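One structure is given here, and the rest of the page talks about it.
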Amino acid sequence: MAPVIIIGAGLAGWTTAREFRKLDATTPLMLISADNADFYAKPSLSNALTQGRTPERLVTTPAAKMAEQQNLTLLAHTRVTAIDAQAHRISTSAGQFEYSRLVLATGAQPIRLPLDGDASAEVLAINSLADFARFHARLNGADPAHKKSVLIMGAGLIGCEFANDLAAAGHPVTVVDPSTGPISGLLPAAAGAQIRAALAGLGVVWHFGATVKAVNLVAGSDGLQVELSNGQRCGANIVLSAIGLRADIALAQAAGIACDRAILVDPYLQTSSPDIYALGDGAQYASAGSRALPFVMPIMTAAKALAATLAGQATELVFPLMPVGIKTPALPTVVAAPAPGTVGDWCQVEDGLWQFIDAAGLNRGFVLTGAQTARRMEQAKLVRP
Ligand code: FAD
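So the sequence shown is numbered by full-length UniProt numbering: it starts at 1 and just counts up by one.
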């Protein structure tokens, strides 16, 4: 019998394998990944420095051990290049394989903006352990005692987490963003202002209402000069882009699988092709109003439902309320954002507590900052699904 094949060794791929094995110990299972497939928690990339964790120490279980535990055939360092949905066959850099069911857990890639300047290719982005290893090596360089300065493009959730981690580890940090405040897509302006002040307290320098236009080498040094859209110039040793991710849909699209911003999946996580499923950062879920949900909790929920379906028990994916903890220890923050397009307003209820009240007067989400984050469970119970 052809195996169930999972493409991708991120949280989505490995969690699906683990959940499937809890229900089915014998069906042949294969996991194929372009990277080395070591298991690590991606969220720890943006708080590793203050915890003194090197890239090597972030690996929680080496790939071979994971494969043994899940009783699966692992093809690491292997890229899937084509899917023949009709023939139930994939082509890879290590040959062709037939599948009974195929799971696309191929994630997303950092968005790269075209920038001017002779050092624009030096801009880094972090969405994998290998990316973090490159960043870590540049940050420490030949002289780890020299705290290199970092300019971060993007004041979203990931940009703010890196800003907090770097600043707390002693690095001069500048953040540039076209919006008016931190994490403006998710938080009420007043909560964003608290994060802005808390990180400024660690020395973070903010430039809002501006974007990075050009990155140039500074002659005779290892420094970079960054030119902003408002004409200002900033110096930095490293430029880190944290402007967002875009799902990797090329493989699916070439196979005729319906995609929008990501791979479209129905409430059973099936794509438009029979026996091909998708989840994780590369999926756009019907169960979430045709949205991508690039966070850990949705992956855990989706992997459980998909594993049951793959094991023969068709299981509809229903997402519970999934608050996200923002890892800014300077001001711990939790957000349960309303669904995009929900009409309503953020209302401050107490110091450090906001609720999103919709046009019908119903509570659709909340934000907690500082000590109020301890009330996450209590507030979650008040939100109307
Ligand atoms: P990925 O981890 O991107 O895995 C994709 C896999 O597919 C990789 O193994 C890749 O090699 C493989 N692949 C892709 N294409 C191919 C191909 N053609 N052939 C073979 N293999 C292929 N979420 C939270 O909920 N809380 C947090 O605090 C949080 N912090 C974060 C901090 C950072 C810095 C980042 C970047 C993300 C954070 N997230 C957080 C988001 C969360 O980590 C992601 O949603 C999740 O890890 C995505 O997992 P994934 O398996 O879908 O994708």
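Even for Gly, the Cβ is constructed at its ideal location relative to N, Cα and C. On a predicted model such as this, the values are computed, not experimentally measured, just so you know.
Sorted by chain position, which residues of the same chain lie with C-beta nearer than 7 Å to residue i's C-beta, five sequence neighbours on each side aside?
i	result
Pro188	Trp346, Trp354, Val367
Tyr40	Leu58, Val59, Thr60, Leu129
Phe162	Ser46, Ile152, Leu240, Ala242
Val335	Leu186, Leu187, Pro323, Val324, Ile326, Val367
Gly289	Ala339
Arg196	Gly181, Pro182, Trp206
Gln379	Phe366, Leu368
Gly308	The sequence given here places Ala at residue 308; Gly does not occur at that position. Leu23, Thr315.
Arg261	Ala247, Gln284, Ala292
Can you tell me the Cα-Cα spacing of residue i and residue j, whole angstroms?
i	j	result
Ser93	Asp35	12 Å
Asp118	Val215	7 Å
Ser221	Asn237	9 Å
Ile299	Thr15	8 Å
His171	Ile111	25 Å
Asp131	Gly361	45 Å
Ala64	Ala137	25 Å
residue 391	Thr369	The chain is shown from 1 up to 385; residue 391 falls before or after that span and cannot be answered.
Ser229	Pro385	41 Å
Arg376	Asp358	20 Å
Gly312	Pro274	15 Å
Leu234	Ser179	Sequence check: residue 234 is Cys here, not Leu. Near 18 Å, if we compare the C-alpha coordinates of Ser179 and Cys234.
Arg79	Gly13	14 Å
Ala37	Asp24	22 Å
Gly203	Ser149	11 Å
Phe20	Lys147	45 Å
His77	Gly10	13 Å
Ala286	Ala292	9 Å
Ala303	Ser33	17 Å
Val349	Val218	49 Å
Pro329	Lys22	36 Å
Pro267	Asn164	37 Å
Pro62	Ile276	27 Å
Phe208	Asp177	5 Å
Pro294	Ala142	35 Å
Leu113	Ala87	38 Å
Using 8 Å for Cβ pairs, my map puts residue i next to residue j. What's the rounded Cβ distance?
i	j	result
Met153	Ala242	6 Å
Gln96	Ala17	Not quite, the Cβ-Cβ distance comes to about 21 Å (not below 8 Å), so this is no contact.
Leu331	Ala198	4 Å
Gln109	Asp248	6 Å
Gly280	Gly8	7 Å
Lys327	Asn47	5 Å
Arg101	Val4	5 Å
Ala155	Val175	5 Å
Ala305	Leu269	7 Å
Thr106	Leu245	That pair is no contact at about 12 Å.
Ala191	Thr333	7 Å
Can you list, in chain order, the residues of its chain whose CB lies under 8 Å from that of residue i, leaving out five sequence neighbours each side?
i	result
Leu115	Val123, Val212, Lys213, Ala214, Val215
Thr73	Pro3, Pro28, Leu29, Met30, Leu31, Ala67
Asp84	Ile90, Ser91, Ala255
Glu227	Asp116, Gly117, Val212, Lys213, Ala214, Val215, Asn216, Arg233
Phe135	Leu124, Ile126, Ile238, Leu240
Ser44	Gln51, Arg53, Leu58
Leu160	It is Cys, not Leu, that sits at residue 160 in the sequence shown. Here the set comprises Val175, Pro182, Ile183, Ile195, Leu199, Ile326, Thr328.
Asn363	Gln355, Phe356, Ile357, Leu382, Val383, Arg384
Gly201	Ala330
Ala133	Pro55
Spell out the partners DSSP gives residue i in its beta bridges.
i	result
Ile7	Ile32, Leu104
Thr50	Partner(s): none; Thr50 has no beta bridge.
Ser91	Ala82, Gln96
Thr61	Phe39
Ile263	Cys259, Ala283
His207	Val176
Thr333	Ile326, Thr369
Tyr268	The partner list for Tyr268 (beta bridge, DSSP) is empty, contrary to what the question assumes.
Ile238	Val150
Gln355	Cys347, Phe366
Arg233	Glu227
Arg246	Gln109
Asn216	Gln225
Arg291	Tyr285
Skipping 5 residues on each side, what residues in its chain have a beta carbon closer than 6 Å to that of residue i?
i	result
Ala169	Leu49, Thr50
Arg127	In the sequence on display, residue 127 carries Asn and not Arg. Correct list, in chain order: Pro110.
Gln253	Cys259
Ala278	Leu104, Ile263, Val265, Thr271
Leu166	Val150, Val173
Ser120	Val215
Thr81	Ser91
Does the beta carbon of residue i fall short of 7 Å from some heavy atom of the ligand FMN?
i	result
Lys327	Of the ligands one can find in the structure shown, namely the ligand FAD, none is the ligand FMN.
(message) Quick test of the definition: if touching needs 3 or more C-beta pairs under 8 Å, does the segment 335 to 344 touch the segment 299 to 317?
(response) No, the segment 335 to 344 does not touch the segment 299 to 317.
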